[in-house]
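Worksheet: the structure to be examined is printed underneath.
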Amino acid sequence: MIKKKDLVSQEAKLIQYAKNLPNFNNNIISITDLGSGLNYKKKGLNKLISLIFCNQVNTLVLNHKDRLLRFGSELIFKLCDFFQVKVIIVEQATDKSFEETSVG
Numbered sequence: 003m004i005k006k007k008d009l010v011s012q013e014a015k016l017i018q019y020a021k022n023l024p025n026f027n028n029n030i031i032s033i034t035d036l037g038s039g040l041n042y043k044k045k046g047l048n049k050l051i052s053l054i055f056c057n058q059v060n061t062l063v064l065n066h067k068d069r070l071l072r073f074g075s076e077l078i079f080k081l082c083d084f085f086q087v088k089v090i091i092v093e094q095a096t097d098k099s100f101e102e103t104s105v106g
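Number 84 in my numbering belongs to position 82 of the sequence shown; there are no gaps in the numbering.
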């Protein structure tokens with residue numbers, strides 16, 4: 003589980019990343035949540051969904067895909083696609099999946 007110190011560090015990294023994007027407009031909304039990636043009732047997650055539905059998000063910058071939700075992140079990404087929100091995942095997973103490493 004992520005500790006508060008790690009969360010602050012990740013937030014600073016993502017804000018700096020967003021500031022370096024080509025179309026940066028000084029309008030960053032930082033949403034942080036501590037807790038289980040299985041909890042769909044987190045305030046930050048629900049705030050993000052509300053902002054997406056209100057067309058107030060142009061780009062969503064995440065550190066890792068699973069930082070949004072452990073399961074169900076694909077649903078959020080589908081919402082982003084529908085509302086034309088660009089999703090940037092800074093740290094792409096480098097580990098191969100079980101299927102990619104299995105020998106048949």
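Cβ coordinates follow ideal geometry from the N, Cα and C atoms, glycine included.
For residue i, the residue or residues it bridges with in DSSP
i, result
"THR61", "LYS88"
Span separating the alpha-carbon of residue i from that of residue j
i, j, result
"GLY46", "PRO24", "26 Å"
"ARG72", "ILE78", "12 Å"
"ILE30", "VAL89", "14 Å"
"LYS44", "SER75", "14 Å"
"ILE54", "GLN86", "9 Å"
"ASN1", "ASP35", "Absent from the structure is residue 1, since the part of the chain shown begins at 3 and ends at 106."
"ASN22", "ASP8", "21 Å"
Where the alpha helix (DSSP H) through residue i begins and ends
i, result
"LEU47", "45–55"
"LYS8", "Checking the sequence shown, residue 8 turns out to be Asp, not Lys. Segment 6–21, the alpha helix (DSSP H) holding ASP8."
Rounded distance between the beta-carbons of residue j and residue i, thought under 8 Å
i, j, result
"CYS82", "LEU64", "Going by Cβ atoms, the distance from CYS82 to LEU64 rounds to 10 Å, so no, they are not a contact pair."
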